Amino acid sequence: MLSIVLVICLMLAPLMPPPMQDIYVTIRVDNNTALTRSIRPGTPVGSLFYNLQDAIGLTLVYRGDINRRIRYSQTLQFYTRITRQANEIVAISYEIDETFTPYIWRGDTIVQQQGQNGELVIATEITYIGGEEYSREVVKKYSCPPVNKIALIGTGRLGALADVTSPDFRYVRRVRMEATAYTAGFSCTGKRPGDPWYRITASGREVEHGIVAVDRRLIPLGTRLYVEGYGFALAADVVGAIRGYKIDLFMENLSDALRFGRRHLYVWILDEI
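Okay, so the sequence shown: first residue is -17 according to our numbering, each after it adds one.
Have a look at this one:
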């Protein structure tokens, strides 16, 4: 019986294929040094692809059929796929919102709110294949909006009346003063038309409605004021009788000055003294 089995085996032996020989595959990633490996014929490209990807810890790209089976020695070229994010910061300039108001002296500007520039951040995703840029895509835009500057620009002029309850009306302090009125005439100043100092104040400025005389020890000449019922005023003159918290208001007509008489009223000091 044993001899029969041996004869059968000897008869079948020439029909069995010889064992398969390994083939050599050269693997190259980008432009790096090639690596040669021995594999069994019929091994899928994907088997080498995924094993190599896990080994180097990078995403790879193969520009061919990854399911193709390798039948003979050859070179396989893989490429790394790397994605990076680049941020571009663009400054956004603030604007100036100007509001003209008669409650502030003309020429003065009060900043209610300081301006601050904003920022626009543009996030771009850049993909590199084989070390070369392949694509870029804006994936996110976000910004810090600017804060506009808010400025109040005064248009108030000498003698103009204003609403002192307006939030735009600004002053340093308010005082109660005894007020009188004077004119440029001889009865008030001792000067007549033709006199070189006629209508000229102690500060050298010509009188007009809104010019007032003060005690310069308390209110320096040049100080801007607002006088109750009289309007914006400028301390530009001195009178011998005006001492302490007294004020003399210029008026063009003597009749108006006499009608005004002597009163106690509020004076708002607009400048630091």
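No residue lacks a Cβ here, since even glycine has one placed at the ideal position from N, Cα and C. These figures come from a predicted structure and were not determined experimentally.
Could you work out which residue in the options is closest to residue i when comparing CA atoms only?
| i | options | result |
| --- | --- | --- |
| P84 | Y110, E77, P128 and D145 | D145 |
| E210 | A218, G46 and H246 | H246 |
| A16 | P23, R22 and Y6 | Y6 |
| I92 | R152, L102 and M233 | R152 |
| V129 | N14, Q95 and E80 | Q95 |
| A161 | L134, T137, Q35 and Y212 | Y212 |
| R88 | G138, Y54, A142 and I104 | G138 |
| Y208 | T171, F232, Y248 and V189 | Y248 |
| A142 | G24, D230, K173 and A215 | A215 |
| Q67 | D177, Y61, I104 and T41 | I104 |
| D238 | A195, H191, L200 and S20 | H191 |
| F256 | G136, G112, L40 and N33 | Since the first residue of the chain shown is -17 and the last is 255, residue 256 is not available in this structure. |
| A195 | G172, T165, D177 and A37 | T165 |
Measuring straight from C-alpha to C-alpha, what distance separates residue i and residue j?
| i | j | result |
| --- | --- | --- |
| K228 | G243 | 13 Å |
| R63 | F31 | 13 Å |
| G204 | D90 | 14 Å |
| G186 | S148 | 33 Å |
| T18 | E70 | 43 Å |
| R181 | R155 | 30 Å |
| A184 | I74 | 51 Å |
| Q56 | G100 | 58 Å |
| M159 | A133 | 32 Å |
| K14 | R53 | According to the sequence displayed, residue 14 carries Asn and not Lys. So the two alpha carbons sit approximately 25 Å from each other. |
| C126 | E114 | 33 Å |
| E234 | Q98 | 48 Å |
| V232 | V220 | The sequence given here has Phe at residue 232, not Val. Rounded to whole angstroms, F232 to V220 spans 11 Å at the Cα level. |
| G24 | D4 | 10 Å |
| G46 | Q35 | 16 Å |
| K123 | Y116 | 21 Å |
| V189 | W179 | 11 Å |
Measure from the C-beta of residue i to each C-beta in chain B and report whether the shortest distance is under 7 Å.
| i | result |
| --- | --- |
| V120 | Protein chains in the displayed structure number just one, and chain B is not present. |
Please list, in chain order, all residues of the same chain as residue i whose beta carbon is under 8 Å from its beta carbon, the five residues on each side excluded.
| i | result |
| --- | --- |
| N49 | P26, V27 and G28 |
| T65 | E107, I108, T109 and Y110 |
| Y76 | G97, Q98, N99, G100, P128, V129, N130 and K131 |
Excluding the five sequence neighbours on either side, which residues of its own chain have a C-beta within less than 6 Å of the C-beta of residue i, listed in chain order?
| i | result |
| --- | --- |
| Q59 | R10 |
| V253 | The amino acid at residue 253 is misidentified as Val; the sequence shows Asp. Only T205 and R206 meet the Cβ criterion. |
| S20 | D4 and Y6 |
What is the DSSP secondary structure of residue i, counted as helix, strand or coil?
| i | result |
| --- | --- |
| G176 | coil |
| V27 | helix |
| Q35 | helix |
| D238 | helix |
Give the C-beta separation of residue i and residue j to the nearest angstrom, bearing in mind that I take them to be a contact with Cβ-Cβ under 8 Å.
| i | j | result |
| --- | --- | --- |
| D150 | I86 | 6 Å |
| S169 | L236 | 7 Å |
| V72 | L102 | 4 Å |
CB-CB under 7 Å to residue i, same chain, minus the five flanking residues each way: which ones, in chain order?
| i | result |
| --- | --- |
| D197 | I224, R225, G226 and K228 |
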